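Trainee: Below you'll find the structure I mean.
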Amino acid sequence: MSVLGSLSACWRIARKSLRQHALSTAVTVASAALASGLVMSVFALTTASRDAFAGGETGYDAVLGAKGSELQLVMNTVFHLDTSPGNIPWSLYEEAKRDRRVESALPYAVGDNYKGFRIVGTTGELFTDFQPREGERLELMPGGRPFDPAYREAVVGSIVAERTGLRVGDTFLATHGVTDAAGPEHPGAYTVVGVLEPTRTPGDRVIWIPIEGVFRMEGHVLSGTGERYTAQAGVEIPDEHKEISAVLIRTRGSGAGRMLEFDIDQGDQATLAWPISESILQVFEKLGWVVMVLEGVAVLVVLVAAASILASLYNTMNERRREFAVLRALGARRRTVFGVIVMESTTIAGLGALLGYAVYFGTFHLASTIVREKTGVVFEDFAAHPALYWTPIGMLVVGAIAGLLPALVAYRTEVATTLAGGGYG
Amino acid sequence: MTLLQIRDLQKSYRSPDGAVQVVVDVPAFDLDARAQVALEGRSGSGKTTFLNLIAGLLKPERGSIRVDGTELVGASEARRDRFRAEHIGYVFQAFHLLPGHTALENVELGMLFGPGPDRAFAQHLLERLGLGDRLGYRPPQLSLGQQQRVALARALANRPRLVLADEPTGSLDARRASEALGLIRELCAEQDAALLLVSHDDAVLGAFEDRLDLADLNRAAAGVTA
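Protein chains in written order, with our numbering: chain P, -5 to 419; chain L, 79 to 304.
This is the structure we're talking about:
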């Protein structure tokens, strides 16, 4: 019999047996699918989150903020998470704007929220200069317009509009604090004048208002000079009293960024987080052991799945001894019955690996939805990752190995003594 | 023309207490092509071992088994397996059908290791044996007589030159045994296959013109009584 004929014979018998033991097959396929899907999810999600957080485009490459943790600064201004490390005087923004190494600078002042979504004060340059991606500008949905700095007007991100139901023409009151949606409300309603098209960045979770509005919000105290100053209606606020949370900066290339970082970090007034991705990567490096543990657990789950394949096949060996003896009496070689079992275990693993894609897609979708909800960061949809093809290949290999022991039992079946037992087969 | 030629064949087993017990010791045995011979085999006469040796399922300590000119004793196990698949059909007393497979699939199983599946011929055999309306039935859904016929069809599926039958009617009542025996002989004749049947049933043995006592043939079984 040719190799092809032998494989064909093995497959016919293996397929029949898998059908005969449908429940056991289904359970082991499910465990293999979970294992395979879990491995693909862990590896792919780790990469996707690293790429999204550290490599995602934000529109700027540096953040200038109060002296302190660069990471906190980045988390606060780029991802709109964490608390502000403190304020910096308005003059630093002015200096940054004038600096020849800076292509564009945008002030960022935060302190309030609406239903948990941050209210960020900035200038109209958000709509004219800011580029969420190279060559792109923020786009407003039809019927909207940028806020007028002279009024209590707001432009909301797409996720904010989706979650709060705010539409153009709606009004809302700001709540004090960046996260506490149940905090005291500031009097003076803001009117929504625009809703931004989705940018797939954390900015989709922000309510943008004129920076003047933050300075003049009732209850806000400015201390840009070191002395407390409260804005008065109708009175222009002197620049020296103004303070902001940070300045978002787009530098003129990496050389400019490096020099700027060196100059600013030399002083004792502010910190420049540049490049932003480096700060995020530090987090991933610090959490590297967590990722390793997760990967280790995923690999263990694969081993458990392999063990379940082995156990499910091995447990049927006693009842199947006679089947193998009959096949051998009909002319099947030892290697054929060996091949039948390895084919069965590999088929289970292969089906598991295929279904594992469904587990992976489900897990990835769920995880990316949660991350988008919580941070606004969007993972690249099912980006190609080596784990997506190595895992199924690995599952097939592990499945084949899991079948070796039961296959050996089949291989060693003695025809004459086994058939002497009688019965159907 | 001699199809099966056996010379100086000996097979022994080691009993649990370590003693070596010779089970088959046949100095000479010949079977012509298309011949139909019944061997009277009492319990303990080594009849199943004898057939298993001819089928190449067991390897003797010494001797020669030549089937259709091919020496089996010195051949590798894989070679014997292939030879058995292509040239020898085996009907067991217990039928040994696979319960999860239909009648048709059981017959096709026999073909997998020989010339390859031939559904039309498998179906033809079953129809010839009166099981045309039972092709999709599994063994537990068939009567003993029907199971026996499926086992016969499986043994003949590869158009073997030699059919070995070990108490093929042992599980059937007298009427069904007689019918089954008739079918076995008929089909072997149709297929030009020689038949070597072992039984201890006088009714079965009486149906054969060529009849030998295994105790006469097998020196190891001399003196064994029923």
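Where a beta carbon is used, it is the ideal one built from N, C-alpha and C, also for glycine.
Just so it is clear, the structure is predicted and the values come from calculations on it, not from any experiment.
By the criterion of Cβ-Cβ separation under 8 Å, what are the contact partners of P/Q14 in chain L?
Mentor: Here the question's residue 14 of chain P lines up with position 20 in the first sequence. Per Cβ cutoff of 8 Å: G178.
Trainee: In chain order, which continuous runs of the alpha helix (DSSP H) of length 4 or greater are located wholly inside the region 130 to 179 of chain P?
Mentor: Runs of the alpha helix (DSSP H) inside the region 130 to 179 of chain P: 152 to 158.
Trainee: Flag P/G(-1) as yes if its beta-carbon sits less than 8 Å from any beta-carbon of chain B, otherwise no.
Mentor: Judged by its chain identifiers, the structure shown contains no chain B, and its protein chains are P and L.
Trainee: From L/G167 to L/L240, what distance separates their C-alpha atoms?
Mentor: For the purposes of this step, residue 167 of chain L is taken as the residue at position 89 of the second sequence. For the purposes of this step, residue 240 of chain L is taken as the residue at position 162 of the second sequence. Their Cα atoms are separated by approximately 6 Å.
Trainee: Along the chain, where does the alpha helix (DSSP H) that runs through P/T340 open and close?
Mentor: On the first sequence, residue 340 of chain P is found 346 positions in, with the first residue counted as 1. Start and end: 328 to 369.
Trainee: Does the Cβ of P/N81 have 16 or more other Cβ atoms within 10 Å, making it buried, or fewer, making it exposed?
Mentor: Here residue 81 of chain P is taken as the residue at index 87 of the first sequence, counted from 1. That one is buried.
Trainee: Can you give the Cα-Cα distance for P/P181 and P/A29, rounded to whole angstroms?
Mentor: As a first step, residue 181 of chain P is located in the first sequence; it is residue number 187 there, counting from the start. As a first step, residue 29 of chain P is located in the first sequence; it is residue number 35 there, counting from the start. Between P/P181 and P/A29, the C-alpha separation is close to 54 Å.
Trainee: Kindly list, in the order they appear in chain P, the residues whose Cβ is closer than 7 Å to that of L/H278.
Mentor: Sequence index remark: in the second sequence, residue 278 of chain L carries index 200 (1-based). Within chain P, no residue comes near L/H278; the closest Cβ sits about 16 Å away, beyond 7 Å.
Trainee: Once DSSP output is grouped into helix, strand and coil, what is the label at P/G419?
Mentor: Locating residue 419 of chain P in the first sequence gives position 425, where the first residue counts as 1. In this prediction, P/G419 has a pLDDT of 31, which is less than 50 and means its spatial position is unreliable; what the coordinates show is noted afterwards. Three-state result, P/G419: coil.
Trainee: Can you have a look at L/H174 and say buried or exposed, based on whether 16 or more other CB atoms are within 10 angstroms of its CB?
Mentor: In the second sequence, counting from the first residue as 1, residue 174 of chain L sits at position 96. Under this definition L/H174 is a buried residue.
Trainee: Can you tell me whether DSSP reads P/I303 as helix, strand or coil?
Mentor: By one-based count along the first sequence, residue 303 of chain P stands at place 309. Helix at P/I303.
Trainee: With burial defined as no fewer than 16 other Cβ atoms inside 10 Å of the residue's Cβ, what is the status of P/R94: buried or exposed?
Mentor: In the first sequence, counting from the first residue as 1, residue 94 of chain P sits at position 100. Exposed.
Trainee: Quick check on DSSP: helix, strand or coil for L/Q114?
Mentor: Position 36 of the second sequence, counting from 1, holds the residue named residue 114 of chain L. In the structure shown, L/Q114 sits in a strand (DSSP, three-state: E or B).
Trainee: How would you list, in chain order, the residues of chain P whose beta-carbon sits under 8 Å from the beta-carbon of L/A163?
Mentor: Sequence index remark: in the second sequence, residue 163 of chain L carries index 85 (1-based). Going along chain P in sequence order, the residues near L/A163 (Cβ under 8 Å) are M(-5), L324, G325, A326.
Trainee: Find the residues of chain P that neighbour L/R82, judging by a C-beta separation of less than 9 Å, and give them in chain order.
Mentor: The residue labelled residue 82 of chain L in the question sits at position 4 within the second sequence. Per the sequence presented here, residue 82 of chain L reads as Leu, with Arg not at that position. Result: empty, since nearest Cβ-Cβ is about 18 Å, beyond 9 Å.
Trainee: On the CB-based measure, 16 or more other CB atoms within 10 Å of its CB, does P/A323 come out buried or exposed?
Mentor: In the first sequence, the residue the question calls residue 323 of chain P occupies position 329. Per the 10 Å Cβ criterion, buried.
Trainee: In chain order, what residues of the same chain have a beta carbon less than 8 Å from the beta carbon of P/F358, not counting five sequence neighbours either side?
Mentor: Residue 358 of chain P sits at position 364 when you count from the first residue of the first sequence. Here the set comprises S35, A38, L39, A42, F373, F376.
Trainee: What do you get for L/S154, buried or exposed, if any count of 16 or more other CB atoms within 10 angstroms of its CB means buried?
Mentor: Residue numbering aside, residue 154 of chain L sits at position 76 when the second sequence is read from its first letter. With fewer than 16 Cβ atoms within 10 Å of its Cβ, L/S154 is classed as exposed.
Trainee: Could you pull out every residue in the same chain whose Cβ sits closer than 8 Å to the Cβ of P/S217, ignoring the five residues on either side in sequence?
Mentor: Within the first sequence, numbered from 1, the residue matching residue 217 of chain P stands at position 223. Excluding sequence neighbours, P/S217 sits near N81, Y223, H235, E237.
Trainee: Any beta carbon of chain L sitting closer than 8 Å to that of P/V334?
Mentor: For the purposes of this step, residue 334 of chain P is taken as the residue at position 340 of the first sequence. Closer than 8 Å: no.
Trainee: Should L/Y215 be flagged as near chain P, meaning a C-beta pair shorter than 8 Å?
Mentor: As a position in the second sequence, residue 215 of chain L is number 137, starting the count at 1. By this cut-off, L/Y215 is not an interface position.
Trainee: Between L/V185 and the rest of its own chain, which residues show a CB-CB distance below 7 Å, the 5 nearest in sequence each way excluded?
Mentor: Position 107 of the second sequence holds residue 185 of chain L. For L/V185, where only same-chain residues beyond five positions count, the Cβ hits under 7 Å are A200, L203, L204, V228, A231, R232, A235.
Trainee: Which residues in the same chain have their Cβ closer than 7 Å to the Cβ of P/P196, if we skip the five residues on either side of it in sequence?
Mentor: The residue given as residue 196 of chain P occupies position 202 in the first sequence. V72, F73, H74, T369, G370, V371, listed in sequence order.
Trainee: By the 10 Å Cβ neighbour count, where 16 or more other Cβ atoms means buried, how is P/P83 classified, buried or exposed?
Mentor: Here residue 83 of chain P is taken as the residue at index 89 of the first sequence, counted from 1. Looking at its Cβ environment, which holds 16 or more other Cβ atoms inside 10 Å, P/P83 is buried.
Trainee: Along the alpha helix (DSSP H) that carries P/A103, what are the first and last residues, could you check?
Mentor: Looking up residue 103 of chain P in the first sequence gives position 109. Counting along the chain, P/A103 falls outside any alpha helix (DSSP H), though it belongs to the beta strand (DSSP E) covering 96 to 108.
Trainee: Just checking: is the beta-carbon of L/V302 within a distance shorter than 8 Å of some beta-carbon in chain P?
Mentor: Looking up residue 302 of chain L in the second sequence gives position 224. Because L/V302 carries a pLDDT of 49, less than 50, the predicted location of this residue cannot be relied on, and the following value inherits that uncertainty. So, not an interface residue.
Trainee: Using beta-carbon positions only, say whether P/I243 and P/A396 come within less than 8 Å of one another.
Mentor: Here residue 243 of chain P refers to the residue found at position 249 when the first sequence is read from its first residue. Here residue 396 of chain P refers to the residue found at position 402 when the first sequence is read from its first residue. The answer is no: Cβ separation not under 8 Å.
Trainee: Nearest CA to the CA of L/G248: which residue from L/G119, L/L150, L/L209?
Mentor: In the second sequence, counting from the first residue as 1, residue 248 of chain L sits at position 170. Answer by Cα proximity: L/G119.
Trainee: For the region 135 to 204 of chain L, list the beta strand (DSSP E) runs that are entirely contained and at least 3 residues long, ordered along the chain.
Mentor: Listed in chain order, they are 140 to 145, 166 to 169.
Trainee: State the DSSP-derived secondary structure class of P/R315, mapped to helix, strand or coil.
Mentor: Along the first sequence, read from residue 1 onward, the residue named residue 315 of chain P stands at position 321. Note: P/R315 maps to helix in three-state DSSP.
Trainee: So, is the C-beta of L/N296 closer than 8 Å to a C-beta in chain P?
Mentor: Indexing the second sequence from 1 puts residue 296 of chain L at position 218. Cβ-Cβ to chain P under 8 Å: no for L/N296.
Trainee: Return yes when the Cβ of P/I205 is within less than 8 Å of the Cβ of P/G115, no when it is not.
Mentor: Numbered from 1 along the first sequence, position 121 holds the residue referred to as residue 115 of chain P. Numbered from 1 along the first sequence, position 211 holds the residue referred to as residue 205 of chain P. Contact flag set, yes.
Trainee: Can you pull the chain P neighbours of L/A156, defined as C-beta to C-beta under 7 Å?
Mentor: As a working note, residue 156 of chain L is residue 78 in the second sequence. Within 7 Å Cβ-Cβ: R327.
Trainee: Excluding five sequence neighbours on each side, which residues of the same chain lie with their C-beta closer than 8 Å to the C-beta of P/E255?
Mentor: Here residue 255 of chain P corresponds to residue number 261 of the first sequence, with the count starting at 1. Excluding residues within five positions, the ones whose Cβ falls inside 8 Å are A56, L266, W268.
Trainee: Measuring alpha carbon to alpha carbon, tell me which residue in P/W384, P/T165, P/A352 is nearest P/A24.
Mentor: Here residue 24 of chain P corresponds to residue number 30 of the first sequence, with the count starting at 1. Here the closest residue by C-alpha is P/A352.
Trainee: Can you tell me the Cα-Cα spacing of P/L190 and P/I364, whole angstroms?
Mentor: Residue mapping note: residue 190 of chain P aligns to position 196 of the first sequence, counting from 1. Residue mapping note: residue 364 of chain P aligns to position 370 of the first sequence, counting from 1. Approximately 21 Å, taken between the alpha carbons.
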